[in-house]
Structure formats: structure tokens, C-alpha cells
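Residue numbers 839 to 1126, in the numbering used here, belong to the letters of the sequence shown in order.
Virtual Cβ for every residue (Gly too), placed ideally from N, Cα, C.
Since the structure comes first, as C-alpha cells, the remarks are kept for the end.
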Amino acid sequence: MNRTLRIYLLLLAALVLLWAGRHWSDLGDMARGADLLLLSATALYGLSHLFRMLRLVLLTLDQRDKAFALSAAHALTAFPSSFLPFKIGEILRLAALFHVFDFRRKAGAVWLAERFGDVVVIALFILGLYLFDVRVPAAMRTVFFFFVLASLFGLLAMFAVAKTFVYLNRHLVLVSHSRHGLWLLRVSHALRQLELDIYRSVEGRLTGLLLLSVLIWSLEIAALSLFLNRLGAAETDFSAMFAAGLLASLPGGGAGAFGQYQSLALVALTLLFLAALSLAARMRLTRS
């Protein structure tokens, strides 16, 4: 365990303690008035993160020795990432994957494969609502429209770039003699290798990737539905919470109560893996 990782784990432990201190009275109220539906919603949300770890392991079956490290990387970045809006927390998660893998390109390929699974499943879910003529609040329609539009544009751009670089590589190999041409060739080659790494990560596992992605989002939507049924939240709250889920951040405002239960699940996951890492470090010291 290097110095940077130790510092991060200490900061993470401090963040957990700070959160617990700030919400101590709320935690006491949760314990005294334990509600089966709310606890079930929390458990379902926590379970969705366990399946996210399983998806990481699936995408790296060629490096099975990194299974625990990948699971720990997800568990120990999920809680702090949840406070960062607009997917900024994914930068922290990607940095954790960089730390696990020897080659950053492999980490980037795994991360992109995960995002592909999420985007496809959520887009199909949204289109399914319209296909079956499910009534959707106006605020939700706006969220859905922009998400599907951005998803389609992103996927088409990714495939277009991948196909373009196949021919660009061949052309640059023949004509690149200047410094800028050689630099462009290196960039083109690196992106081509990233594309191949993505294909290797999902080769023979695409069905499993999509099924796990369906399961992950089904659990998160089920957790949200249980919470809404228990508290009878308004449609505007559902819009805010679903939009926050798409942006990988905890909901705020009137929907903040659900964010507390999400945080509780993430804190439990964090403490579990902090304890596991501590135990693994002690066992390593004992053996040495």
C-alpha cells in the first residue's frame, strides 16, 4: 500500500466520520423508527453496487487476480463520488481503476465498456416507457429527451471515430514524415488500441454485461419506487431523484431524504471494504 493510497483512505475515513457526526440524530431516528420498506430500499440500492462490482469482475476475466482490487476501487470511491454532481465523481473512480491496472489503457477500456452498458440500458428503459405509453411527468420528459439525445450522439460518435481511425492509421503509416504527422500517428494508434481493448473486454461477455446492467438499474429503480411508495413523494421529487441518478449524484432539495438512505448504503459498503483492506494488510504483515 503506497503513501498516496494511505492518505486517500485516511481522508475517506475522515469523510465517513464527518458524515456520521453530521447525521447522527438522523441515524438515531432511523434506528428507532426502523421501517421495513425504507430498509429494503436501502438494501436494494446497496445490492446494485455489489452487482456493479460483479460487472467489473466480468469485464476483467482475463485478469482474475485483480477481482478484489477492482471491487475495493469501486466501493472506496462510491461514497465520495456521490457528492460530486454532473459525473465529476467518475474522474475519481477512473483514477482508482488506473491505480489497479498496470496499463491505463485497460482501465479506460473497462470504464468505457461500463458506461456503454449503462447508456444502452437506460436509453432502452426510456424508449420502453414511450413504447408502452406510460404517462411521464413533463419534467421527466425533458430529462429523458436530453439523455437519449446525448446517448445516441455519444454512441454514434464513438463508432464513427473507431471506424475512421482504422483508415487513418493506414494512411498515416504511409505519409507521416513530419513531427506533427508522427504525433498524430501515435495518437491514432493509441485510440485504435483502446478500441481493441474495449472489444477484448466485452468479447463473449456482451450479453452478461447487458444483463448485469439491466439488473443494476432495475435494483436502483426498485429502490427509488419503494422509497416513493413509503413516503408518497410527489412527481417533481421523482424527476429530481431520477435526474440525480443519471448524473451520479445524490438528490437534493425535497428529495434529500432518499439521498440520506443512499449515503447510508454507501457508508456501509465503505466501512466493509475498509475493514477488509485493514484485515488483508494485517495478514500480509503477519506472513512477512
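Annotated as distal: residue 1054 and residue 878, with beta-carbon spacing of 8 Å or more. In this structure, the CA atom of residue 1124 is about 15 Å from the CA atom of residue 1114.
Residue 1116 places its beta carbon 8 Å or farther from that of residue 857. A residue is called buried when at least 16 other Cβ atoms come within 10 angstroms of its Cβ; residue 1021 does not meet this threshold and is exposed. At the C-beta level, residue 891 and residue 907 stay beyond 8 Å of one another.
Distance from the CA atom of residue 1099 to the CA atom of residue 983, rounded to whole angstroms, is 28 Å.
With a threshold of 16 other beta carbon atoms within 10 Å, residue 938 meets it and is buried. With a 10 Å radius around the Cβ and a threshold of 16 neighbouring Cβ atoms, residue 999 comes out exposed. Shown here for residue 918: same chain residues with a beta carbon closer than 8 Å to its own, the five before and five after excluded, namely 850, 853, 927 and 930 in chain order. If you draw a straight line from the Cα of residue 848 to the Cα of residue 841, it is about 11 Å long.
Apart from the 5 residues on each side of it in sequence, residue 954 has no Cβ closer than 7 Å to any other Cβ in its chain. Bounds of the alpha helix (DSSP H) holding residue 909 are 905-919.
When DSSP states are grouped into helix, strand and coil, residue 1042 belongs to the coil group. In the structure shown, residue 844 adopts helical secondary structure according to DSSP, grouped into three states. The alpha-carbon of residue 932 is positioned some 20 Å away from that of residue 1050.
CA-CA distance, residue 1016 to residue 1063, rounds to 59 Å. By the Cβ neighbour-count rule, residue 845 is exposed, with fewer than 16 other Cβ atoms within 10 Å of its own. Going by beta carbons, residue 948 and residue 1032 fall outside the 8 Å limit. Nearest Cα to residue 965 within the set 980, 986, 950 and 951: 986.
Within the model, the alpha-carbon separation for residue 1036 versus residue 989 is close to 18 Å. Annotation for residue 956: the continuous alpha helix (DSSP H) segment containing it runs 942-969.
Judged by their CB atoms, residue 909 and residue 894 are nearer to each other than the 8 Å cut-off.
By a beta-carbon distance limit of 8 Å, residue 1061 contacts residue 883. Their separation comes to about 4 Å. Straight-line measurement puts the Cα of residue 915 at about 8 Å from the Cα of residue 934.
The C-beta separation of residue 1040 from residue 951 comes to about 5 Å, placing the pair in contact by the 8 Å criterion. Here DSSP, grouped into helix, strand and coil, assigns residue 1051 to helix.
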